[in-house]
Amino acid sequence: MSCPDYSQSSEDHQCLLVIVKLIGTHLKSKSYHRLFDRISRLNNVRIADQQRGVWLRYRKSYPKENNDWGDFQAHRKVVGLLCVGKITSNADIENLSKDYEQMKKYYANTLYDSRCLLFGVLADDSDLFDDGPSVEKNGSETLDAGNKNIDCPEEVILESDHASQKNNLPNKTEPLQQNLRSGVIVYPSAECCIQLEDHLKDYVSSLFWVLESKRLDRSYEKLEKLPLLLAPFERVDGITIDNEGRSFKKRCQGRLRKHIGDLCLLAGLPGEAISHYSSAADNLRSVNDWLWLGAALEGLCAASAVILYPELHKPGSLTRNSSFGGSGDLLGSRQPRHRSGFSKTSKKAGSFTSSSLPSGIDRYDYKVKNCLTPDEIIEKYKEVVLQYSKFKAACVIETEASIKATRILILQQQNLLASEFLKNLLFINIQLSDEEKIQRYCALSHLYSQIGMERKAAFFKRVAAMQCVAPSNPNPAWFQCYNLLLETLKGYKLSVDPKEFMYGCKSGWPVIQIRLLHELVVTAKRMGNTAVAIRHMQFLLHNMDNHLSDEERREMASMLESCTAKVEGTPSPLVLDTGTILPAVPFTRLPKIRSFKIQDLAPHLRPHSKARKNFVPPPNNSPFIYSPIQFGSIGRERSKLKIEYEWIQGDVCEVAMQVYNPMPLELKVSNMSVLAEGGALEAFPASLSLPAESGPYPVNLLSCPHAAGDINIVGYSMTVLGVKSQCRFRDIPQFKQHKYAVKVVPALPKLQLQTSLAKSATFTSMADSGSIISSGSLSLYAGQSHDCAVVLTNISTLQISELLVTLDSKLSKQKSSAFFTWDDEQLQKSLPLEPESSTNLTLHITAIADFLLQDSILADVDTSRGDISRSTSRCGSRKGSTASFSGFSETYPMKTVEALLKFEYSGGPGMDAEHFRECSVSLHVEVQSSLLFTKWDVLPAEVYVNGIAAAVEAFALHC
Amino acid sequence: MAVCVAVIAKENYPLYIKTLPNENELKFHYTVHTSLDVIEERIHSVSKNTNDLRELYLGLLYPTEDYKVYGYVTNSRIKFIIVIESTNATIRDNEIRSMFRKLHNAYTDMVCNPFYTNGDIIEST
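Have a look at this one:
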């Protein structure tokens, strides 16, 4: 026995070992596995007329040297053999029967009974098996003499059942009949064999009766000399003990007694087994037969465990039934059997007494004499391990005993003690191949995780993984190594999902985590799966960066870049062959985003809604003028998500961000664009290069919506270090808002305005100045008028079908309409304005001004009223010198008239949605005084004729 | 002489770890990390049985081939771990206890520093 079976547990002591063998080549291995699962479900069979049941353990293969240990512990003996095979023709039956015979011979020493299950014979051939003669000799060929009388009646019943069913079919296959050997059962197909379970039950009861006969066989008592049962290595070593004497006899007795104990346990009589075991142990102890003493004690423990924890089997068998028909579960026998019973029972194991048995389960008289208490079982197991450890050849038995003890301790929830046993297990020195070592470490890891020691479990998993790729290994199994490493993540509090792994939250052991991630990267690379390696590198760089030194971060980044040069990092989750999903790792912190703001359109491009313009706010029906309590705050929260302003289809829209680079290296960010959902948004990617550890840098991301409706901006995407990542706001903790909803209104045309006037140097002081796209300034003398042309050009691809011109100025309405006039009719005639075409609007500006000077201005200039001579002389001096004129004009300041010529226009689909745009020209007209009356008087009528010239006392003529 | 000393936070992440032979640091990281399993199990089993008055010194946690690992848990669940070479037979249990006591005092002094926030990595000067 070279390799321990890590799935062993103490209840296996009461199981009959049955091998299910595949014979022939026709049966596919998948259907063989399915069949095996189906057969394995039948692990407990109740024997008719006996208050006992038989437990079964099925294996797909069993080495012969393990079988040799059958004398030492009866449950290691192969007692049953089931051969399964598929037949396509009658010739196959013969061949397979031969194979079957061979298999029988292979295990002939220990076999109690065997069957051969063949599938795939046509219906009319299916009566092949039920020929009378074969019934009589079937099954019992390999039996010991003396068992036939018990065994045969069962068999006859079994077969005659079939005979009665099938006999009505015509017997066509006469020649084949002779070739048929015993115990061959033929089914139409692997799917259609309802009787399989019944046949198996019959088969198991035949096994039971053989066993029972052996158990009750007291023939050895009559023998003069008792046979000495031997463990395989004792046979080889040669027996040094003398074959005579009392102690030898006692030894033989003890060993035989122990063997009978084994048989009792197998036959479902643990109580009887206990008494046999304990007397055997007494015998063996007195003659210092340590190995067999260990075996007797182990048997005692196993029998006690079976009595104490009878429900161990029950939940397991229940789940097996419930998964009836599930063929996906192809667990090979090599993998440790995971009994759901462990997890279920361990929860309540604190109160583990036999009285906690559910009602309905037949109780053996559980207060069996000599039955060990839970604590005693552990004590005894300790001794068992101690006894076994005295023999180097029994190291496998010792290992298995430790595992069985651990399993019982898991049940008892004595985790620390269990870990002691596991630790001891490590020190057992077995020569193992690499493959077996991996298996051993995995088994250890599994057991450790069962006792809640996840760290230790992870440690051994990792050791197993390292073993897969040990330098001494000529063909390292990178794939296996990688999968084992993945399983360790949990133990090290790591996860492949960046969302589960809280950044900055201190959990786990960073040094080890980083190491593990490095190992994953290397393994994935050696596996040849660069995409997976990139994914792990991303995780390492992004989530562990606060534990990495600058040097390491730089190194990782360059490594990542060199990898992504070959394979581009994708933003989608990767699915491994094993079904594990590696979620994407978006670089939300490389670079770091400080702010993200959706920008409104420029004022002159903003859409206005006609509906809103005419909207009258509903009268407040609350009795309060002001209340600090905000009703319906939930509704407001939602509306917060919505940006108040709107974007227009087909217009370039902008998002402003601020980014930081926390890395000690220059980050080249390329293809940075907005990530939107729910609408067509064409993004214009931006590229930027951020120097090491610096910021903030403003970034504007441009995009153009292609359809009207709501667009949810959920994040941004970019390529950093060759990895494409999609950063969503919900993954970035500093963003409270997970999305920004922007409304996009249908496309609207765009209008460009140009005036024939000079651009004004000063900005308008008018309110509502945002929509100004052009300006014009003009200087006019009071009373002068001027025609100016405003060129309206449609610079979009949509026609403008609606145009409304209004004027806004600080002047009174009457005055302003006199000041600025235009021909609206002419303009409306030019509509619709086709794309790329333009039209002219002639604006007639008349400088209207008062020719009267206000007193306050004049006060310091002219104090003497009616002094004509002074006035004329001043007039004359003005004529003489222009310098004095300038001074004069300062005294009579010009008036400035500001006005906004607003164009509200609409067209295309936007107009149908009642949207329009607004743009305006600001006009700046300086009105300079032309003629001012500073003084005037009403003259008497008689001097009127001459007086006109005199009455106009002062004037300023600037033309 | 101890070969490795570690201070571990309540949430089981390392606050401080110092090893003597520097080239083998990772190995000690693994040793100390896995020993946490045993410590947790010990604390758990004790707190279930008795309500208070737990002994801070846990004693030998587990021996490996080369090292012995000793543990000590303060009432605030700060764990101290000392690793000693197995070959070193001169150190007795009492000495280990006094080592832990000194370590505990040093930790208390350090926590008294007003500039230290709980849970930060400890840096030795």
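Chains as they are written, first to last, in numbering that gives the first Met the number 0: chain A, 0 to 958; chain B, 0 to 124.
Each residue gets a CB set at the ideal place from its N, CA and C atoms; glycine is no exception.
With H, G and I counted as helix, E and B as strand and the rest as coil, what does DSSP make of Asp124 of chain A? Residue confidence for Asp124 of chain A is low, a pLDDT of 44 falling below 50, so the modelled location carries little weight; the figure read from the coordinates is stated next. Collapsing the DSSP output to three states places Asp124 of chain A in a helix.
Report the neighbours of Ser6 of chain A on chain B: residues whose CB is nearer than 8 Å to its CB, in chain order. Correct list: empty, because the minimum Cβ distance to chain B is about 23 Å.
Beta-carbon proximity check, Pro570 of chain A vs Lys455 of chain A, cutoff 8 Å: no
Identify, in the order they occur along the chain, each residue of the same chain with its Cβ nearer than 7 Å to the Cβ of Asp11 of chain A, setting aside the five sequence neighbours on each side. The residues are Arg56 and His74.
Leu790 of chain A in three-state terms, based on DSSP: Leu is not the amino acid found at residue 790 of chain A; the sequence shown has Val there. Note: Val790 of chain A maps to strand in three-state DSSP.
Please check if any C-beta of chain A sits within less than 8 Å of the C-beta of Asp65 of chain B. no
Can you tell me the Cα-Cα spacing of Ser277 of chain A and Leu385 of chain A, whole angstroms? 18 Å
Determine, for Leu229 of chain A, whether the minimum Cβ-Cβ distance to residues of chain B falls below 8 Å. no
Own chain partners of Cys441 of chain A with C-beta closer than 6 Å, once the 5 adjacent residues on each side are dropped: Ala463
Run down chain A in chain order and give the residues with a C-beta less than 9 Å from the C-beta of Tyr61 of chain B. Ser418, Glu419 and Lys422
I believe Val19 of chain A touches Lys59 of chain A by the beta-carbon criterion, under 8 Å. Please report the beta-carbon distance rounded to the nearest angstrom. 6 Å
Environment of Thr109 of chain A [buried if 16+ CB atoms lie within 10 Å]: With 16 or more other Cβ atoms inside 10 Å of its own Cβ, Thr109 of chain A counts as buried.
Please check the pair Met765 of chain A and Leu899 of chain A, which I expect to be a contact at CB under 8 Å, by giving their CB distance rounded to whole angstroms. 5 Å
When A:Leu299, A:Asn423, A:Val713 and A:Gly244 are compared against Lys738 of chain A, the one with the closest alpha-carbon: A:Val713
Report yes if the CB atom of Ala279 of chain A is closer than 8 Å to the CB atom of Gly260 of chain A, and no otherwise. yes
Tell me whether the beta-carbon of Gly23 of chain A lies closer than 8 Å to the beta-carbon of Asp70 of chain A. Between Gly23 of chain A and Asp70 of chain A, the gap from beta carbon to beta carbon reaches 8 Å or more.
Backbone CA spacing between Leu157 of chain A and Asp201 of chain A [nearest angstrom]: Annotation note: pLDDT 38 at Leu157 of chain A (below 50); position unreliable, no value reported.
At least one CB of chain A closer than 8 Å to the CB of Val6 of chain B: is that the case? no
Would you identify the three-state DSSP class for Asn23 of chain B, choosing helix, strand or coil? Shown here, Asn23 of chain B sits in a helix according to DSSP, grouped into three states.
I'd like to know if Leu19 of chain B contacts chain A, where contact means its C-beta is closer than 8 Å to some C-beta of that chain. no
Own chain partners of Pro3 of chain A with C-beta closer than 6 Å, once the 5 adjacent residues on each side are dropped: Val395, Thr398 and Glu399
Near-chain B residues of the segment 513 to 545 of chain A - C-beta to any C-beta below 7 Å: Arg514
Does chain A have any CB closer than 8 Å to the CB of Glu40 of chain B? Yes, its Cβ sits closer than 8 Å to a Cβ of chain A.
Using a Cβ cut-off of 8 Å (strictly closer), state whether Tyr69 of chain B contacts chain A. no
So, does the segment 785 to 800 of chain A touch the segment 746 to 753 of chain A, judging by three or more C-beta pairs under 8 Å? yes
Under 9 Å, CB to CB, which of the residues in the segment 546 to 580 of chain A have a partner in chain B? none
On a Cα-Cα basis, can you pick out the residue from A:Gly84, A:Ile794 and A:Leu264 that is closest to Glu833 of chain A? A:Ile794
With DSSP as the reference, please indicate the residues paired to Ser113 of chain A in a beta bridge. A:Leu80
Sorted by chain position, which residues of the same chain lie with C-beta nearer than 6 Å to Ser39 of chain A's C-beta, five sequence neighbours on each side aside? Tyr57
Strictly below 7 Å CB to CB, what residues from chain A border Ser44 of chain B? Leu415
Hey, is Val384 of chain A's beta-carbon within less than 8 Å of any beta-carbon in chain B? No, no contact with chain B.
Give a yes or no on whether 8 Å exceeds the smallest Cβ distance from Val37 of chain B to chain A. yes
Would Leu25 of chain B count as contacting chain A if we go by Cβ distances under 8 Å? yes
Interface residues of chain B facing Ile511 of chain A [CB-CB closer than 9 Å]: Leu25, His28, Tyr29 and His32
Hey, out of A:Thr895, A:Cys191 and A:Trp68, whose CA is closest to Glu233 of chain A's CA? A:Trp68
Pick out whichever of A:Val203, A:Glu692, A:Ala393 and A:Leu493 has its Cα sitting closest to the Cα of Gln430 of chain A. Residue A:Ala393 is the option with its Cα nearest to Gln430 of chain A.
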